[in-house]
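Okay, so here's the structure we're looking at.
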Amino acid sequence: MRYQDVFMTDSAWPCSTSGMAATATHFARQVGTAVKEKIGRTKRAQAPWYTSLMAAASRALVERLPLVDLIVEVRDARIPLSSECELLRNNLCSSRQIIALNKVDLAGRSGSQAWTDYFRRTNCISCGVDAHNKESIKELLGLIQRQVRELRGTSHANYTATVMLIGIPNVGKSALANSLHQVGRISAAEKGKLRHATVSPEPGETKDIRSFKIGSHPNIFVLDTPSVLSPDVPDVEVLSKLILTGTIGDCLVSRKEIAEYFLAILNSSEQYKKWVKLSRDNTVGIYHGIPTGCLTFSEFEGKKKKQIPTDHTQITLEVARFKSRFG
Numbered sequence: 001m002r003y004q005d006v007f008m009t010d011s012a013w014p015c016s017t018s019g020m021a022a023t024a025t026h027f028a029r030q031v032g033t034a035v036k037e038k039i040g041r042t043k044r045a046q047a048p049w050y051t052s053l054m055a056a057a058s059r060a061l062v063e064r065l066p067l068v069d070l071i072v073e074v075r076d077a078r079i080p081l082s083s084e085c086e087l088l089r090n091n092l093c094s095s096r097q098i099i100a101l102n103k104v105d106l107a108g109r110s111g112s113q114a115w116t117d118y119f120r121r122t123n124c125i126s127c128g129v130d131a132h133n134k135e136s137i138k139e140l141l142g143l144i145q146r147q148v149r150e151l152r153g154t155s156h157a158n159y160t161a162t163v164m165l166i167g168i169p170n171v172g173k174s175a176l177a178n179s180l181h182q183v184g185r186i187s188a189a190e191k192g193k194l195r196h197a198t199v200s201p202e203p204g205e206t207k208d209i210r211s212f213k214i215g216s217h218p219n220i221f222v223l224d225t226p227s228v229l230s231p232d233v234p235d236v237e238v239l240s241k242l243i244l245t246g247t248i249g250d251c252l253v254s255r256k257e258i259a260e261y262f263l264a265i266l267n268s269s270e271q272y273k274k275w276v277k278l279s280r281d282n283t284v285g286i287y288h289g290i291p292t293g294c295l296t297f298s299e300f301e302g303k304k305k306k307q308i309p310t311d312h313t314q315i316t317l318e319v320a321r322f323k324s325r326f327g
């Protein structure tokens, strides 16, 4: 099962009926309201994700915005509006900004393309990207290089440009920085040891600003930055989406409420019908509940441990795929 078959977008739910859409919206509001109530009961009534480190990072990024050539705002392709970085609303000229909709593999390329077209109609440069796909990274790198040359207004390549990656937690900024660095070095025939930004399935792993070279002639460096998220998210539905996609930790609300919200999305997409078909398929051999010819759960666990998790949803995606195959 892929998330792109079941996940919500900011425009509409992938629903078969309006009743199912209403149910999903009900659970979304329930999750968001529960989080707001819990924050209100804390001693300082302050959002737990807005730490002193994030506050300092926000101030540092605002100071650096005028100093860089180009801003790449990384958003989650599944929630392209809800994952907007509020810090950029009043601090940036649109000609210096690219909106990169990361995780298109989880959102569906057709839906992501529709959002890319939407942003272009609003005079925003936008593209869909998969941080783990080399060809996708090459497309983003080419867009960055073209935009840098256009902003510089020269065909000469004897200058250095700086590009800043910025966004809310867990949208994949560090994964993009690593991939751009790797692909950019190969394209430019750069020598030397590869550097790596730390990636994690948990939000807020990046603690400082790091620079990675992603191109030569001209020299282009990308800055991987700490995540920033407003301490106040007024819309409860937006808040619930941020929790479900891993931007905000799920410790603020019960797992039962999150599960109910996610199941409402699954039901609205009619994805469950594919599972029913799988369980009734007589051609699939079953041995102690596991289809023959497939990995056992222990084999699956061993395989998963060898992989490096790069974001919150990647682990959940693998588990979902396993469950959809084995029931």
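One point on numbering: in full-length UniProt numbering, the residue at position 114 of the sequence shown is 114, and numbering is uninterrupted.
We treat Cβ as the ideally placed atom computed from N, Cα and C, and that holds for glycine.
Compute the Euclidean distance between the alpha carbons of residue i and residue j, then round it to the nearest angstrom.
{"i": "Glu257", "j": "Val31", "result": "6 Å"}
{"i": "Glu301", "j": "Lys134", "result": "Confidence at Glu301 is low in this model, with a pLDDT of 49, below 50, so its placement is unreliable and the value that follows should be read with caution. Taking the straight line joining both Cα atoms gives about 26 Å."}
{"i": "Ala77", "j": "Gly108", "result": "8 Å"}
{"i": "Ala24", "j": "Tyr261", "result": "6 Å"}
{"i": "Leu67", "j": "Ser95", "result": "15 Å"}
{"i": "Ile39", "j": "Glu237", "result": "16 Å"}
{"i": "Ile286", "j": "Ala28", "result": "The predicted model places Ile286 with a pLDDT of 36, which falls under 50 and marks its position as unreliable, so this point remains unresolved."}
{"i": "Ala55", "j": "Pro226", "result": "10 Å"}
{"i": "Ser179", "j": "His132", "result": "7 Å"}
{"i": "Leu151", "j": "Lys36", "result": "42 Å"}
{"i": "Leu295", "j": "Pro48", "result": "For Leu295, the pLDDT reaches just 43, beneath the cut-off of 50, and the residue's location in the model is therefore unreliable, although a value from the coordinates is still provided. Distance between the alpha carbons of Leu295 and Pro48 is about 40 Å."}
{"i": "Thr33", "j": "His26", "result": "11 Å"}
{"i": "Val228", "j": "Ala57", "result": "7 Å"}
{"i": "Arg255", "j": "Lys138", "result": "38 Å"}
{"i": "Leu252", "j": "Leu53", "result": "20 Å"}
{"i": "Ala22", "j": "Gly184", "result": "46 Å"}
{"i": "Arg149", "j": "Ser126", "result": "17 Å"}
{"i": "Ala157", "j": "Ile248", "result": "42 Å"}
{"i": "Asp224", "j": "Arg41", "result": "35 Å"}
{"i": "Val129", "j": "Ile98", "result": "12 Å"}
{"i": "residue 415", "j": "Ile79", "result": "This structure cannot settle anything about residue 415, because the visible part of the chain is limited to 1 through 327."}
{"i": "Ser240", "j": "Asn90", "result": "25 Å"}
{"i": "Thr122", "j": "Gly142", "result": "22 Å"}
{"i": "Asp250", "j": "Arg120", "result": "34 Å"}
{"i": "Ser268", "j": "Ser110", "result": "19 Å"}
{"i": "residue 332", "j": "Thr51", "result": "Shown here, the chain extends from 1 to 327; a query on residue 332 therefore has no answer."}
{"i": "Gly153", "j": "Gln46", "result": "45 Å"}
Going by DSSP, name the residue or residues bridged to residue i.
{"i": "Gln145", "result": "Paired residue(s): none; Gln145 is not in a bridge."}
{"i": "Val222", "result": "Val163, Phe212"}
{"i": "Ala100", "result": "Val74, Cys127"}
Do you know whose CA, among the options, lies nearest residue i's CA?
{"i": "Lys103", "options": "Gln147, Gly246, Thr225, Gln182", "result": "Gly246"}
{"i": "Gly172", "options": "Asp69, Ala100, Ile265", "result": "Ala100"}
{"i": "Ile220", "options": "Leu87, Arg146, Ile265", "result": "Arg146"}
{"i": "Cys124", "options": "Glu84, Asp130, Thr154", "result": "Glu84"}
{"i": "Leu81", "options": "Asp69, Tyr118, Leu65", "result": "Tyr118"}
{"i": "Gly215", "options": "Leu87, Ile144, Ile166", "result": "Ile144"}
{"i": "Leu87", "options": "Leu65, Leu242, Arg121", "result": "Leu65"}
{"i": "Leu165", "options": "Asp69, Gly153, Ser254", "result": "Asp69"}
{"i": "Ala177", "options": "Leu140, Lys241, His156, Leu239", "result": "Leu140"}
{"i": "Ile168", "options": "Ile243, Gly184, Gly142, Lys138", "result": "Ile243"}
{"i": "Ser211", "options": "Thr160, Ile265, Leu266, Arg255", "result": "Thr160"}
{"i": "Leu182", "options": "Ser240, Leu263, Thr162, Lys213", "result": "The question names Leu, yet the displayed sequence has Gln at residue 182. Checked all of Ser240, Leu263, Thr162, Lys213; the closest Cα to Gln182 is Lys213."}
{"i": "Val163", "options": "Ile209, Arg120, Arg121", "result": "Ile209"}
{"i": "Ser136", "options": "Ile265, Asp105, Thr154", "result": "Asp105"}
Taking only runs of the beta strand (DSSP E) that begin and end inside the stretch 25–91, which ones reach a length of at least 3 residues, in chain order?
70–76
Considering only residues of the stretch 103–129, which uninterrupted beta strand (DSSP E) runs meet the minimum length of 3 residues and lie entirely inside it, listed in chain order?
125–129
Would you call the stretch 55–70 and the stretch 111–127 touching, i.e. three or more CB-CB distances under 8 Å?
Verdict: no, contact absent.
State whether the stretch 228–239 contacts the stretch 211–220, with contact taken as three or more CB pairs (one from each stretch) at a distance under 8 Å.
no
Are the stretch 153–173 and the stretch 63–74 touching, with three or more C-beta to C-beta distances below 8 Å?
yes
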